[in-house]
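Chains as they are written, first to last, in the numbering used here: chain A, 61 to 404; chain B, 61 to 404; chain C, 61 to 404; chain D, 61 to 404.
We put the CB at the ideal spot given by N, CA and C, even for glycine.
Just so we're clear, the structure is a prediction, and the values are computed from it rather than from any experiment.
Okay, so here's the structure we're looking at.
Protein chains: 4
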Amino acid sequence: MAAKVRVAVNGYGTIGKRVADAVARQSDMELIGVTKTRPSFEARRAVDAGYPLYLAGDAAPADFAAAGLPVAGRIEDLLKQVDLVVDASPDKVGKANADLYRAAGVRAIFQGGEKSDVAEASFNALGNFSAAHGKRFVRVVSCNTTGLARAVAVLSAKWGVEHWEATLVRRAADPAESKRGPINGILPTFQLPSHHGPDVRTIFPELSIATTAVVVPTTLMHVHVNHVRLRRPPAGSADVITAFRAAPRFRVFAPWEHVDGTPQVMEFARGRGLPFNDMMENVVWEAGLKLDGADLYFFQAIHQESIVIPENIDAIRAMTNPSVDAGASIAQTDRALGLARAPA
Amino acid sequence: MAAKVRVAVNGYGTIGKRVADAVARQSDMELIGVTKTRPSFEARRAVDAGYPLYLAGDAAPADFAAAGLPVAGRIEDLLKQVDLVVDASPDKVGKANADLYRAAGVRAIFQGGEKSDVAEASFNALGNFSAAHGKRFVRVVSCNTTGLARAVAVLSAKWGVEHWEATLVRRAADPAESKRGPINGILPTFQLPSHHGPDVRTIFPELSIATTAVVVPTTLMHVHVNHVRLRRPPAGSADVITAFRAAPRFRVFAPWEHVDGTPQVMEFARGRGLPFNDMMENVVWEAGLKLDGADLYFFQAIHQESIVIPENIDAIRAMTNPSVDAGASIAQTDRALGLARAPA
Amino acid sequence: MAAKVRVAVNGYGTIGKRVADAVARQSDMELIGVTKTRPSFEARRAVDAGYPLYLAGDAAPADFAAAGLPVAGRIEDLLKQVDLVVDASPDKVGKANADLYRAAGVRAIFQGGEKSDVAEASFNALGNFSAAHGKRFVRVVSCNTTGLARAVAVLSAKWGVEHWEATLVRRAADPAESKRGPINGILPTFQLPSHHGPDVRTIFPELSIATTAVVVPTTLMHVHVNHVRLRRPPAGSADVITAFRAAPRFRVFAPWEHVDGTPQVMEFARGRGLPFNDMMENVVWEAGLKLDGADLYFFQAIHQESIVIPENIDAIRAMTNPSVDAGASIAQTDRALGLARAPA
Amino acid sequence: MAAKVRVAVNGYGTIGKRVADAVARQSDMELIGVTKTRPSFEARRAVDAGYPLYLAGDAAPADFAAAGLPVAGRIEDLLKQVDLVVDASPDKVGKANADLYRAAGVRAIFQGGEKSDVAEASFNALGNFSAAHGKRFVRVVSCNTTGLARAVAVLSAKWGVEHWEATLVRRAADPAESKRGPINGILPTFQLPSHHGPDVRTIFPELSIATTAVVVPTTLMHVHVNHVRLRRPPAGSADVITAFRAAPRFRVFAPWEHVDGTPQVMEFARGRGLPFNDMMENVVWEAGLKLDGADLYFFQAIHQESIVIPENIDAIRAMTNPSVDAGASIAQTDRALGLARAPA
């Protein structure tokens with residue numbers, strides 16, 4: 061049996077704590093430690109979970125001692141013990157960390173808040189799995205880009221995509237980001253088309269895509285409003301529904317489930333019982349999908365906090381195991397994470 | 061000098077109170093009375109404004125007496141004194157009122173919450189002014205449709221519209237509708253494409269248009285995300301900005317004005333000082349408009365409470381004065397309403 | 061070993077689905093079935109969890125068949141098989157169900173949305189456990205009353221309560237109740253003092269208490285602002301903190317945990333991993349508690365969806381097992397539910 | 061006739077733009093100019109209103125020139141022309157400006173965001189008008205403190221106040237502050253009792269008062285939940301209602317007006333037509349007030365943006381006209397501002 065990949069998670073916030081849990085659930089990976097810059101209820105959760113805690117940035121050891129949180133060393137100590145680090149530090153800090161990782165001689169995965177040039181390849185498991193094979197620095201694209209890339213992967217493989225238009229209705233803050241607004245209002249993103257389209261092209265370089273975005277006062281999920289012109293369209297909407305139901309990392313809701321929008325999606329997620337009540341799949345509604353000739357309209361909801369978690373796991377595997385293919389890795393990841401397939 | 065058109069407003073809520081104020085400001089119209097079904101701070105406002113108050117529906121005279129609100133009669137009494145009634149009752153009630161208006165032999169204007177077959181014509185001042193000439197029953201299209209129709213009118217006249225796509229990010233409730241949610245979440249509208257496209261075609265029957273919609277937790281304004289394929293595109297974005305600045309009922313914000321989204325638009329409106337701090341114009345941002353070849357992307361914000369008010373006034377004039385044309389009526393309406401043109 | 065108590069849950073919504081899970085975790089209880097009036101993602105969750113599904117109200121069997129949800133019968137069939145039913149139907153429906161339960165000869169627990177006269181006793185585990193001994197109909201008080209009663213129990217036992225004042229800042233809707241507002245605004249509850257004080261007195265008849273309430277646009281938790289005049293006050297705030305830390309069903313957050321308000325409390329709960337990311341304890345902050353002579357000021361946050369769940373379990377046990385006492389039942393319930401005690 | 065008081069307003073944001081309008085409406089004052097640090101729609105409003113615009117802080121003249129906004133000089137130039145400056149700069153900046161004002165030899169009014177030691181006296185018109193007589197530096201207390209002080213003034217004068225308790229349910233951001241949260245959640249203010257009580261005592265030094273506060277996701281108004289122990293209580297609630305109706309700067313809503321909460325208060329305000337749809341009065345509800353023996357419970361809503369505006373005007377008058385008394389100044393201010401008294 062091959063040795064497990066030894067993994068560090070640098071930053072134990074919204075993304076990092078989920079990646080840590082996900083790594084800990086994989087039989088071919090071992091979580092060596094996580095980092096924190098200050099004590100908090102999240103730092104305590106790491107300790108309670110048995111994840112060795114290391115200090116990063118300007119963290120003060122005395123603060124952790126006062127909080128009764130045992131510390132195993134600093135990030136530099138952690139990096140000496142691992143094969144790979146998942147950088148889950150705040151946007152733009154990842155780039156600054158790259159030198160640290162390079163100096164330590166470890167592979168590294170960055171998140172979508174970094175620019176694509178931070179890494180050798182941008183990555184999405186369904187989209188371009190093999191692009192990460194053997195790479196030392198890989199970037200998992202952002203939540204919105206991941207959601208789009210998955211849908212592109214499914215539709216382009218089956219019917220070809222002539223052109224993709226999407227309006228991204230973005231949640232303004234994560235649930236615990238209580239300092240961010242707006243409380244009441246809509247903020248257009250004054251970049252036309254938005255950067256999300258080009259970001260999808262880091263995965264699908266040939267894709268014709270144009271995206272726009274607005275920010276709205278909710279914390280739960282983004283919603284994408286998609287209009288896709290297909291090259292070889294199927295007979296009807298039902299074929300597209302069937303394809304999404306068959307694809308990994310999609311959850312299709314039927315009308316009788318009475319899921320009216322993102323509040324009910326998250327309620328479903330709470331009842332399913334994954335950690336943090338996460339919804340790692342693209343959410344599609346039967347009633348919210350319509351094929352009209354070659355024109356496909358559909359909504360998808362994207363859980364910004366968790367959708368990239370399985371992608372980080374697949375990226376670790378693709379980078380460190382040149383013989384694994386996308387299908388096998390995705391299946392292994394999803395089984396370990398408890399991602400149930402939608403009922404047929 | 062011609063006699064003034066004698067106007068009743070049936071329903072003195074969000075739309076009705078604004079129409080009443082707007083009629084009262086026109087030199088060629090006379091507000092004869094408004095109706096209410098129960099006493100409230102709004103009923104008191106009508107009395108304080110000197111608008112004769114009539115009862116409608118199951119209104120109880122004793123309730124008004126107890127509140128100290130003088131009543132001039134019932135809706136049936138009011139209809140006997142007028143040439144035209146603007147129906148501003150809740151959605152679907154308008155249709156039920158049609159028989160009442162027919163029996164009274166008065167002209168009537170309905171709002172966009174009614175289906176188009178309630179009237180002989182659907183109306184938008186910039187779009188199809190003359191369609192209301194001489195008609196007895198006219199329907200002013202809804203806030204979203206009005207916003208779209210105005211933009212279609214401007215762009216199609218100058219450059220031709222090959223195809224129009226719009227995602228409507230809709231406010232979930234008006235500011236005082238405190239019982240309506242959602243408080244946190246996004247609700248897709250499960251009708252693809254949405255009904256707004258066909259509704260725009262009641263004004264522009266030949267237009268190729270597809271719309272989609274989501275509902276978000278805000279009370280201020282809708283935001284439309286538009287992608288328009290122009291037939292004979294101008295040289296650049298600046299030409300389109302110039303066209304919107306030159307058009308009536310558009311307000312274009314420049315970057316230096318620091319209007320980031322709908323919260324700042326409404327703050328601007330509060331400072332301008334129209335009644336109810338209304339924003340009756342389509343709001344466009346210079347920074348939120350981009351022409352890329354023949355593809356025009358732009359955001360527009362639509363104040364759902366007030367955008368149809370000048371249209372109701374123009375509809376009254378078009379129906380009752382066969383010699384007036386769109387330009388003259390719009391100019392007269394806007395001057396009376398204090399709609400300042402954007403600075404050049 | 062005594063036979064397990066056979067339990068039905070009538071209504072599988074916000075409260076019912078949690079009670080069902082909680083009953084299923086108790087070694088001395090057996091969940092016989094739950095009811096639903098229409099198919100939904102929640103009905104499917106019951107089926108997936110292996111809870112036999114029965115129809116209630118005007119549920120149509122054909123709807124469930126179409127959704128592929130197997131049905132075991134109607135509520136009447138279910139009641140024949142159980143010792144006790146937990147009524148978790150919508151407010152006021154519980155009272156209507158009482159006749160059904162009486163006819164079936166089963167014990168019943170009602171929720172706090174019903175008036176107190178629906179049952180022989182109102183119940184709170186820390187407050188008046190023994191009041192439920194041997195009773196056939198018991199009412200578990202509402203979420204706000206439960207939160208208050210627990211705090212009263214702790215403080216009155218140790219130091220005596222001269223008078224209690226509380227302002228309840230109430231969440232307007234549960235997370236998935238997407239039709240309820242307000243979206244932006246504060247609604248005072250025009251009942252002074254509010255009904256919560258008298259409801260606490262159903263548990264502590266002698267308590268001097270006055271409460272007031274406002275409704276605010278959030279879905280997460282209520283917050284109580286308490287001012288308590290103690291009879292025999294301790295030396296300082298630290299003593300009160302110690303008492304809350306030592307009490308069951310309280311979670312005290314320390315300043316270093318950086319829990320600023322209800323968003324962070326729920327983030328903590330998501331990381332803890334109880335079903336539905338529930339927070340069944342009263343939440344108290346060290347930094348949000350101050351003893352000034354005999355005057356104690358403190359905030360507590362109350363998770364409206366889950367706080368009554370352990371109380372329902374204790375009520376079942378108290379009603380069916382006359383020999384069990386409060387301490388033993390609470391400890392057994394909490395162990396089964398995974399309610400960790402706060403770190404010392 | 062006495063010379064008009066020459067007034068500058070330093071800062072033309074939420075408070076400053078309102079003070080400027082209010083000064084311009086007073087027959088005994090003259091607005092000499094306002095300041096801005098960057099061009100914006102608000103700067104343009106000042107220009108459109110004919111208010112000479114001066115630069116403050118690090119404002120760049122070129123930015124204003126590019127925006128087409130004429131500038132009359134810098135704050136230092138403005139101060140040379142005035143008797144008094146109203147400082148409406150952001151919190152804590154006012155203190156830094158004090159030296160500037162002292163050097164210029166002008167009187168100055170500061171806002172409640174500054175600490176009380178910035179000035180010789182803290183001020184509320186109903187509470188301690190004469191404390192500002194002849195002073196050079198005066199501080200108008202904050203919106204919440206102003207709302208409390210007005211109510212204290214009315215109740216203590218008539219019936220004596222034994223003790224005052226208030227929970228302040230605070231709006232989290234002003235309508236156009238789109239960067240501030242929380243979007244969903246309640247944040248307790250971890251200061252017990254809160255600073256508002258001591259701040260009220262800068263007006264009423266002998267008052268026994270304890271306040272607490274929470275922050276909630278709304279932009280419209282604060283709501284105070286008051287419990288007042290009166291010394292010589294009247295016979296019933298109606299007497300208190302009558303007193304509030306008779307007091308200046310109070311608006312009492314009757315049940316038939318159907319004003320359920322702050323959304324409807326602001327809708328009333330929009331219909332009344334003061335600039336910015338302001339609500340400068342304390343808002344009290346008949347249905348939200350209850351006298352129980354000596355214990356008075358009542359809600360009041362406070363419009364954080366505008367409630368201090370008439371107080372700033374009165375402070376100007378008190379500081380510069382030693383012969384004016386509170387009643388005369390308040391009446392003059394309110395008449396000029398269009399503050400209608402509530403119907404009897």
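Span separating the alpha-carbon of residue i from that of residue j
{"i": "G296 of chain A", "j": "L351 of chain A", "result": "6 Å"}
{"i": "N157 of chain A", "j": "V201 of chain C", "result": "53 Å"}
{"i": "V368 of chain A", "j": "P382 of chain C", "result": "52 Å"}
{"i": "F359 of chain D", "j": "K96 of chain A", "result": "45 Å"}
{"i": "A179 of chain D", "j": "R199 of chain D", "result": "6 Å"}
{"i": "I75 of chain C", "j": "I301 of chain A", "result": "33 Å"}
{"i": "R196 of chain A", "j": "I135 of chain A", "result": "19 Å"}
{"i": "N70 of chain D", "j": "A164 of chain D", "result": "14 Å"}
{"i": "R16 of chain D", "j": "V166 of chain A", "result": "The question about residue 16 of chain D has no answer, for chain D in this structure spans 61 to 404."}
{"i": "L267 of chain D", "j": "G398 of chain C", "result": "48 Å"}
{"i": "A386 of chain D", "j": "V325 of chain B", "result": "38 Å"}
{"i": "F250 of chain B", "j": "R240 of chain D", "result": "32 Å"}
CB of residue i within 9 Å of CB of residue j, strictly
{"i": "G321 of chain D", "j": "S238 of chain B", "result": "yes"}
{"i": "I269 of chain A", "j": "V214 of chain A", "result": "no"}
{"i": "Q171 of chain D", "j": "I92 of chain D", "result": "no"}
{"i": "W219 of chain C", "j": "R291 of chain C", "result": "yes"}
{"i": "R78 of chain A", "j": "D394 of chain A", "result": "no"}
{"i": "I376 of chain D", "j": "L144 of chain D", "result": "yes"}
{"i": "G207 of chain D", "j": "H255 of chain D", "result": "no"}
{"i": "H287 of chain D", "j": "W345 of chain D", "result": "no"}
In DSSP terms, what residue i is bridged to
{"i": "R78 of chain D", "result": "DSSP, once it has assigned bridges, lists no residue as partnering R78 of chain D."}
{"i": "D147 of chain C", "result": "C:N70"}
{"i": "I246 of chain B", "result": "DSSP lists no partner for I246 of chain B."}
{"i": "N426 of chain B", "result": "This structure cannot settle anything about residue 426 of chain B, because the visible part of chain B is limited to 61 through 404."}
{"i": "E90 of chain C", "result": "C:R66"}
{"i": "W345 of chain A", "result": "A:F313"}
{"i": "R231 of chain B", "result": "B:V276"}
Expected contact under 8 Å - CB spacing of residue i and residue j to nearest Å
{"i": "T278 of chain A", "j": "L228 of chain A", "result": "Their Cβ separation, rounded to whole angstroms, is 13 Å, which puts T278 of chain A and L228 of chain A out of contact at 8 Å."}
{"i": "R289 of chain A", "j": "E222 of chain A", "result": "4 Å"}
{"i": "P67 of chain B", "j": "V83 of chain B", "result": "What sits at residue 67 of chain B in the sequence shown is Val, not Pro. Indeed they touch by this definition, with Cβ atoms about 5 Å apart."}
{"i": "I263 of chain A", "j": "N342 of chain A", "result": "The Cβ separation is near 14 Å, so there is no contact."}
{"i": "L280 of chain B", "j": "P248 of chain B", "result": "Between P248 of chain B and L280 of chain B the Cβ distance is about 20 Å, and since that is not below 8 Å, they are no contact."}
Bounding residues of the alpha helix (DSSP H) (the contiguous stretch that carries residue i)
{"i": "F313 of chain C", "result": "That residue, F313 of chain C, is in no alpha helix (DSSP H); its beta strand (DSSP E) goes 310-313."}
{"i": "H256 of chain C", "result": "256-261"}
{"i": "I373 of chain D", "result": "369-380"}
{"i": "A164 of chain B", "result": "153-164"}
{"i": "V214 of chain A", "result": "203-219"}
{"i": "R305 of chain B", "result": "297-306"}
Host beta strand (DSSP E) of residue i (start-end)
{"i": "F170 of chain D", "result": "167-170"}
{"i": "L115 of chain D", "result": "113-115"}
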